[in-house]
Amino acid sequence: MQYFSGSQTTYNGTNKTLEEQEFMNFHLARLVRGEDRRKLDATGFACNNAVHSIHCVSTKPVRIDMSTMTVYIPSSDEGYPSSDEEIEIRPYARQEDSLKSISPVKMIRTGNVFHEMNEIIIPLYITTKQFQSRIALVLEDYKPSFIAKYGSVLSHLSSHEIINPAANETGGVHCFPAAVVGLKYHDNLALNSSDIPGGYGMPEFRHFLRQAFSLKFAYVSEIAKPRLLFLSRTNTRRFLNEDEMIPLMKEVGFEVIVVKRSKLASNLKKFTELINSCSVLLGAHGAGLTNEIFLPTGAVMIQVELLGTEWASNTYYGDTARAMGVHYLRYKIEAEESSLLKLYGRNSSVVTDPGSVYRDGGYRAARTVFLDQQNVRVNLARFRGILVEALSIVTDWAGR
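Just so you know, the UniProt record's numbering puts 55 at position 55 of the sequence shown, and the rest follows in order with no gaps.
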């Protein structure tokens, strides 16, 4: 759970100036609309229940019990929750994804870059960017590994050290002049500029990331020669003829960098710099493709779309690439290229009608088949065509 407090001077224990209070109240009010906005103006408190997320805004002082992560707000004014009313907000942006085995204040992330970016970093940016770093962040699910990984991002959103409720020095009750509890969430790797204070969209978010990670290249034309980063997988969704694919990439005209999946999370800053220095990102459908967000504008992302992944491939990574100003190319495999053909047989519905697996067994069954059991042996002749197209795109940009 993330809590966002008021101005810098308040956090340091000094009195707010009128200007600071007006600044904070103005930007807090921009987080709610319509009836919620009117309620906030009248009472100093409102909760926005959107399709995917819940966030509550208070322009009046709040107290946070760090031991229980309970936020206490005044209840004397009309419109505030009554003394016996509780509002529960889960510690992740997609509130509809109820996880029965995880309590609302004990969510533990596993390091998947898609979920980190989709459910934490982008919602955090949407919710807090307008405050111009004049806030303090309290993270209920504080993890040192996450802070180390995304520290440069967090430091660009808050000028204060992140507050860890579990640390002895930050125990007890903390008082804040105002607060936002929860995160605004729009959609998968999406920023709806019409619903963001300041009208920030994906271009602004990518610029923010380039600043946070000190990335060098804004446009693919700034890269001296075509460079392709190949995401190699070692467990599921492996490329069975990888040893033939890599020489082909070089033959077409790319400098090729091969990255093993296990290396992705070891040093995010170095990896973002590597991604940002490439003209093309290539990989099978999976979370690693989220790193397209660090590519320079005009670059190409090639997704190898496996059987049964058409909707997810386009929704999670194809649409996102287009919004980023990244060219999206898909290599949609044929049945003969999938290991599922041998595993289930040509006449199996797994091969002839992948959608039936979702309809009959739901997502878990489909995941087992299409994500966990499937590998691919690409047709090199067809694959060459997509590589040539990618090279043509980045070469054209280089000539601008």
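For glycine and all other residues, C-beta sits at the position ideal for the given N, C-alpha and C.
For Thr272, no beta strand (DSSP E) run applies; the uninterrupted alpha helix (DSSP H) run containing it begins and ends at 268 to 276, by DSSP.
In this structure Leu371 touches Thr236 by the C-beta definition: roughly 6 Å separates them, less than 8 Å. Here Ala335 really is in contact with Leu307; their C-beta atoms are around 7 Å apart, less than 8 Å. For Lys225, the CB contacts under 7 Å within the same chain, skipping 5 residues up- and downstream, are Glu255 in chain order. Here the alpha carbons of Asn276 and Asn267 stand approximately 14 Å from one another. Sequence-distant partners of Arg377 (beyond 5 residues in either direction) whose C-beta falls short of 6 Å from its own C-beta, in its chain, are Leu240, Asn241, Glu337. Listed in chain order, the alpha helix (DSSP H) runs fully inside the UniProt domain "Glycosyltransferase 61 catalytic" (169 to 302) are 202 to 212, 242 to 252, 268 to 276, counting runs of at least 4 residues. Under the three-state reduction of DSSP, Ser338 is assigned to strand. Using a Cβ-Cβ distance cut-off of 8 Å, the stretch 182 to 197 and the stretch 49 to 64 are in contact, since at least three pairs of beta carbons, one from each stretch, lie closer than that value. Short of 6 Å from the beta carbon of Val173, and not among the five residues preceding or following it, lie these beta carbons of its own chain, in chain order: Arg63, Asp65. Under the 10 Å beta carbon count, Glu292 is surrounded by 16 or more other beta carbons and is classified as buried. Sequence-distant Cβ neighbours of Gly253 in its own chain, meaning closer than 8 Å and more than five residues away, are Pro226, Leu391. Contact check for Thr297 against Ala398 fails: the beta carbons are separated by 9 Å or more.
A Cβ-Cβ separation of about 4 Å places Arg238 in contact with Asn375 under the 8 Å criterion. According to DSSP, Arg330 shares a beta bridge with Gln303. For Ala365, DSSP records no beta bridge to any residue. Less than 9 Å separates the beta-carbon of Ser152 from that of Lys269. Setting aside the 5 residues that flank it on each side, Thr309 is surrounded in the same chain by His285, Phe370, each with a C-beta closer than 7 Å to its C-beta; the list follows chain order.
Under the three-state reduction of DSSP output, Ala166 falls in the coil class, being neither helix nor strand. In this chain, Ala136 is not harboured by any alpha helix (DSSP H), its DSSP state being neither H nor E.
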